[in-house]
Amino acid sequence: MSVVTTVCGGTGCVRREAAGRARRPAAPAGRLCLDCHERLLRDLNRLPELYEECARHLDGSGGERAVEKTSGGPLPGMPFNLRAAEARTSILAVLSAWAGLVLEERGLAGPRRSVGLLVQFLTRHSGWLAAHDAAGEFCAEISQLVRGAHDVIDPMTTHRIAVGDCVEPGCSGALTALVRPRHPQLPATIACDADAAHHWVGHEWLQLSRRLAATGATAAGAAPVPADEAAGREPEVRWMTAADISRLWDMPPGSVYRRASTQKWRRRSRSGRTYYHAGDVYETLHGRDAAA
11 MSVVTTVCGG TGCVRREAAG RARRPAAPAG RLCLDCHERL LRDLNRLPEL
61 YEECARHLDG SGGERAVEKT SGGPLPGMPF NLRAAEARTS ILAVLSAWAG
111 LVLEERGLAG PRRSVGLLVQ FLTRHSGWLA AHDAAGEFCA EISQLVRGAH
161 DVIDPMTTHR IAVGDCVEPG CSGALTALVR PRHPQLPATI ACDADAAHHW
211 VGHEWLQLSR RLAATGATAA GAAPVPADEA AGREPEVRWM TAADISRLWD
261 MPPGSVYRRA STQKWRRRSR SGRTYYHAGD VYETLHGRDA AA
């Protein structure tokens with residue numbers, strides 16, 4: 011008799027699939043793999059702190075996304091961050107809804123409606139939830155709460171691109187590229203959601219792409235390492251635009267064109283755009299960083 015293996019429905023495995031990799035098998039009798047279950051617990055237990063941090067942004071101190079509250083209070087015109095309020099409301103509502111599911115289906119007494127107590131309750135029952143048919147939805151909603159709170163606390167972090175699993179040995183985290191299109195002066199980064207020490211700034215992405223090649227994932231902004239290169243054969247040439255180089259190495263476009271000329275980077279044109287040989291770029295600019 012064959013045993014049917016359920017694939018994981020967790021957020022981490024959804025990101026793997028988005029990065030072109032297969033989802034992991036779920037744990038026996040469960041709906042999540044061990045890594046996604048651990049990631050769920052990390053996200054869940056970050057919510058009380060994020061909930062309180064959003065409260066500190068309610069007065070508009072969170073910056074760009076604050077709006078003016080002009081009615082319904084004793085101080086018309088007082089700055090009020092609507093996004094912070096919405097994030098807090100969502101955290102409490104989503105946690106309450108999932109706790110309600112546990113109470114209804116397991117016939118238990120529930121906690122008081124506070125974020126800290128709800129998180130403790132859901133953490134205690136996370137094993138049961140990880141085996142529930144709705145485990146994937148639970149993971150997705152908790153992950154979305156974390157992202158929403160972070161967007162309030164750091165409104166510059168607006169675009170996230172799933173990259174793949176962390177390349178550091180023994181780390182079960184997922185890598186995400188963080189791009190700030192409204193703040194091009196800030197370098198883009200790739201960060202691990204499990205260990206803050208695992209991060210790469212833009213000019214390190216070409217190196218990271220080689221480490222990711224073994225897993226089939228690709229760093230955002232860097233072309234994938236072809237199978238020929240991974241197998242030790244002559245690698246396929248990769249090309250980059252001046253805009254790519256400017257963003258990844260945090261340098262003005264004028265400096266890119268000047269270095270391309272003085273260093274005689276190989277180039278080619280396609281559809282009216284100029285592309286530079288990634289190997290030449292890396293050799294020049296990596297040397298600059300090493301000397302800094």
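In this text, residue positions in the sequence shown follow the working numbering: the first is 11, and each later residue adds one. Cβ coordinates follow ideal geometry from the N, Cα and C atoms, glycine included. Model, not experiment: these values are computed from the prediction.
Inter-residue Cα distance where the pair is Leu139 and Asp69: Numbered from its first residue, the sequence shown carries residue 139 at position 129. Numbered from its first residue, the sequence shown carries residue 69 at position 59. Each residue's Cα considered, the two are about 36 angstroms apart.
Does the beta-carbon of Glu62 have 16 or more other beta-carbons within 10 angstroms, so that it is buried, or is it exposed?
Position 52 of the sequence shown, counted from the first residue, corresponds to residue 62. By the neighbour-count rule (16 or more Cβ atoms within 10 Å), Glu62 is not buried but exposed.
What residues in its chain sit with their C-beta under 6 angstroms from that of Ala241, if we drop five residues either side in the sequence? Working through the sequence shown from its first residue, we reach residue 241 at position 231. Caution applies to Ala241, whose pLDDT of 46 falls short of 50 and renders its modelled position unreliable; the model cannot decide the point.
Report task. Would you mind working out which of Gly264, Gly174, Asp205 and Asp161 sits nearest Arg221, comparing C-alpha positions? Result -> Residue numbering aside, residue 221 sits at position 211 when the sequence shown is read from its first letter. Nearest Cα to Arg221 within the set Gly264, Gly174, Asp205 and Asp161: Gly174.
How about Leu102 and Val125: do their beta carbons lie closer than 8 angstroms? Here residue 102 is taken as the residue at index 92 of the sequence shown, counted from 1. Here residue 125 is taken as the residue at index 115 of the sequence shown, counted from 1. Contact flag set, yes.
Problem - Thr186 burial status per 10 Å Cβ neighbour count (16 or more: buried) - result: One-based indexing of the sequence shown puts residue 186 at position 176. Here Thr186 is buried: its Cβ has 16 or more other Cβ atoms, across all protein chains shown, within 10 Å.
Does DSSP classify Ala140 as helix, strand or coil?
Here residue 140 refers to the residue found at position 130 when the sequence shown is read from its first residue. Secondary structure at Ala140: helix, using DSSP grouped into helix, strand and coil.
Inset, instruction - Could you spell out the range, first to last residue, of the alpha helix (DSSP H) harbouring Ser265? - result: Counted from its first residue, the sequence shown places residue 265 at position 255. Going by DSSP, Ser265 is part of the alpha helix (DSSP H) stretching over Pro263 to Thr272.
query = Do Ala33 and Arg26 have their CB atoms nearer than 8 angstroms?
reply = Your numbering for residue 33 matches position 23 in the sequence shown. Your numbering for residue 26 matches position 16 in the sequence shown. For the record, residue 33 in the displayed sequence is Arg; it is not Ala. With contacts defined as CB atoms closer than 8 angstroms, Arg33 and Arg26 qualify as a contacting pair.
ask   = Per DSSP, Leu51 forms a beta bridge with which residues?
value = Here residue 51 refers to the residue found at position 41 when the sequence shown is read from its first residue. Leu51 has no beta-bridge partner at all, per DSSP.
Can you tell which of Val211, Ala109 and Gly183 has the C-alpha that lies nearest to the C-alpha of Cys202?
-> Numbered from its first residue, the sequence shown carries residue 202 at position 192. Selected option, being the one with the closest Cα: Gly183.
| Reduced DSSP secondary structure (H/G/I, E/B, other) of Trp275 | Walking along the sequence shown from the start, residue 275 turns up at place 265. In the three-state reduction of the DSSP assignment, Trp275 falls in the coil class.
**OP:** Return the CA-CA distance between Leu60 and Gln273, expressed in angstroms with no decimal places.
**Re:** Your numbering for residue 60 matches position 50 in the sequence shown. Your numbering for residue 273 matches position 263 in the sequence shown. Rounded to whole angstroms, Leu60 and Gln273 show a C-alpha spacing of 48 angstroms.
- Query: With distances taken from CA atoms, which of Thr16, Gly22, Val17 and Ala37 is nearest Cys176?
  - Reply: In the sequence shown, counting from the first residue as 1, residue 176 sits at position 166. Nearest C-alpha to Cys176: Gly22.
> With DSSP run on the structure shown, which of helix, strand or coil describes Leu60?
Replying inline: Your numbering for residue 60 matches position 50 in the sequence shown. Taken through DSSP and simplified to helix, strand or coil, Leu60 comes out as helix.
In three-state DSSP terms, what is Val291? Taking the sequence shown and counting its residues from 1, one reaches residue 291 at position 281. Annotated three-state conformation of Val291 is helix, per DSSP.
**Report entry** Secondary structure of Asp175, DSSP reduced to three states
**Finding:** If you number the sequence shown from 1, residue 175 lands on position 165. Strand.
| request: Compare the beta carbon distance of Gly146 and Gly19 with 8 angstroms and say whether it is the shorter of the two. | output: The residue given as residue 146 occupies position 136 in the sequence shown. The residue given as residue 19 occupies position 9 in the sequence shown. It is a contact, given that the beta carbons lie within the stated cut-off.
When we look at the beta-carbon of Arg49 and count the other beta-carbons within 10 Å, is it buried (16 or more) or exposed? Taking the sequence shown and counting its residues from 1, the one referred to as residue 49 is at position 39. Looking at its Cβ environment, which holds 16 or more other Cβ atoms inside 10 Å, Arg49 is buried.
Open item on the list: Cutting at 7 angstroms between CB atoms, please list the residues of its own chain near Val104, excluding the five before and the five after it.
Closed with: For the purposes of this step, residue 104 is taken as residue 94 along the sequence shown, with counting starting at 1. Only Glu151 and Leu155 meet the Cβ criterion.
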